[in-house]
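J.: Following this message is one structure expressed as structure tokens.
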Amino acid sequence: MLINLKSRIQEPEVQELLSYSVFPDPEQVGRALQQYVQKDELLLDGYEDEGQLIGLIGYEQTGISEITIQHIAVLPENRFKNYGRGMIAQLLEKYNPDRLIAETDQEAVEFYHNTGFVVYSLGELYPGVERFRCVLEKDEDAIEE
4 MLINLKSRIQ
14 EPEVQELLSY
24 SVFPDPEQVG
34 RALQQYVQKD
44 ELLLDGYEDE
54 GQLIGLIGYE
64 QTGISEITIQ
74 HIAVLPENRF
84 KNYGRGMIAQ
94 LLEKYNPDRL
104 IAETDQEAVE
114 FYHNTGFVVY
124 SLGELYPGVE
134 RFRCVLEKDE
144 DAIEE
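Quick note on numbering: the sequence shown equals residues 4 to 148 in the working numbering.
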């Protein structure tokens, strides 16, 4: 079950996980943390297993029935165990949105594609870095946990 992490934003475990989903630069991590502190509309949830924080998902409702994923991360030693897919499934169950959207880089495209998202290239938005828009529509095949 997803748990609210906003009150735990200063904990090293939360900050470490968030660092895996942003450019690995302390300034970028700091900016992301500040956004969650300052913006009530940004939500940050996590998944714990046996008392250990395994993953997190940051998101906001960006439309009547639309959620945009801002950040998603799983501890490296727990990747490929369906925790990321499970967090998305729980988000879908909790809010039942018509659409989930995420923007990502080449490194995470396969994850989103394998989770049922349709992936669109946005081109090279930053020098040498191609970005992608990933969209999961409600009428798409259900996510398998």
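C-beta atoms are modelled at their ideal positions from N, C-alpha and C, and glycine is treated no differently.
1. Between the Cα of Asp52 and the Cα atoms of Tyr86, Ser124, Asp108 and Tyr115, which residue gives the shortest distance?
2. At what residues does the beta strand (DSSP E) containing Phe135 begin and finish?
3. Tell me where the alpha helix (DSSP H) around Glu110 begins and ends.
4. Could you tell me which residues DSSP pairs with Asn7 in its beta bridges?
5. Let me check one thing: in DSSP terms, what residues is Thr71 bridge-paired to?
6. Please classify Ala145: is it buried, with 16 or more other beta-carbons within 10 angstroms of its beta-carbon, or exposed?
7. Is DSSP giving Gly58 helix, strand or coil here?
8. Tell me which residues share the same chain as Glu44 and place their Cβ nearer than 8 angstroms to its Cβ, disregarding the 5 neighbours each side in the sequence.
9. Determine contact between the stretch 73–93 and the stretch 10–24, defined as no fewer than three beta-carbon pairs at a distance below 8 angstroms.
T.: On the basis of the supplied data:
1. With distances taken between Cα atoms, Asp52 lies closest to Tyr86.
2. Here the beta strand (DSSP E) through Phe135 covers Val132 to Glu140.
3. Counting along the chain, Glu110 sits inside the alpha helix (DSSP H) bounded by residues Gln109 to Asn117.
4. Asp48, per the DSSP bridge assignment.
5. Paired residues: Glu63 and Ile104.
6. Unreliable positioning characterises Ala145 in this predicted model, as indicated by a pLDDT of 49, which lies under 50. The coordinate reading is nonetheless provided below. With fewer than 16 other CB atoms across the displayed protein chains lying within 10 angstroms of its CB, Ala145 is exposed.
7. Three-state result, Gly58: strand.
8. Excluding residues within five positions, the ones whose Cβ falls inside 8 angstroms are Glu63 and Gln64.
9. By the criterion of at least three beta-carbon pairs nearer than 8 angstroms, the stretch 73–93 is in contact with the stretch 10–24.
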